[in-house]
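Q: One structure coming up, written as structure tokens, with questions to follow.
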Amino acid sequence: MRLKLLEERAKERGAVIVDPVAWVSVVASRVAIDWHRARARDAGLRERLAARWERHPAPPEEHRVLALTVAQVLEQLSPAQRQLLALRFYADLPVREIAELLEIPEGTVKSRLHTAISALRARLSALEVN
63 MRLKLLEERA
73 KERGAVIVDP
83 VAWVSVVASR
93 VAIDWHRARA
103 RDAGLRERLA
113 ARWERHPAPP
123 EEHRVLALTV
133 AQVLEQLSPA
143 QRQLLALRFY
153 ADLPVREIAE
163 LLEIPEGTVK
173 SRLHTAISAL
183 RARLSALEVN
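This is how it looks when you write it as structure tokens:
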């Protein structure tokens, strides 16, 4: 498929393929060179990502337990409260953008966020999570 595209491009430029075998060998060698370069580039990227991953140790067990507890408590909140908390703290959106997204006034967003945070705090306190 790629050879047909390259052949069509050559015809568009007005180039005439005199020796098709030579043309195919040049195209094949360029495709192989491109493939090897991409593979080498990908290998370097994999090595850098692996090195970065090794520098960050796994979080302590208590952090994972806390994250699971917060996730369970979030499930107890209303969908609207979860949505606001997710937009504000997980998506890190400012109040103004949340208001635009939900098409409600900024003051309403602030009020609902306060209520959602209070509900979250109360449920976590009931579980004695600090």
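In this text, residue positions in the sequence shown follow the working numbering: the first is 63, and each later residue adds one.
C-beta atoms are modelled at their ideal positions from N, C-alpha and C, and glycine is treated no differently.
Can the beta-carbon of LEU149 be found closer than 8 angstroms to that of LEU163?
A: Within the sequence shown, the letter at position 87 stands for residue 149. Within the sequence shown, the letter at position 101 stands for residue 163. Their beta carbons are under 8 angstroms apart, which means LEU149 touches LEU163 by this criterion.
Q: What does the Cβ neighbour count give for ILE160, buried or exposed, with the cut at 16 atoms within 10 Å?
A: Your numbering for residue 160 matches position 98 in the sequence shown. With 16 or more Cβ atoms within 10 Å of its Cβ, ILE160 is classed as buried.
Q: What do you reckon, are the CB atoms on LEU270 and ALA178 nearer than 8 angstroms?
A: The requested residue 270 is not part of the displayed model; the chain covers only 63 to 192.
Q: When you compare each of PRO156, GLN143, ALA120, ARG103 to ARG183 by their alpha carbons, which one comes out closest?
A: As a working note, residue 183 is residue 121 in the sequence shown. Answer by Cα proximity: GLN143.
Q: Rounded to a whole number of angstroms, what is the C-alpha to C-alpha distance between ASP96 and VAL83?
A: In the sequence shown, counting from the first residue as 1, residue 96 sits at position 34. In the sequence shown, counting from the first residue as 1, residue 83 sits at position 21. Roughly 20 angstroms between the two C-alpha positions.
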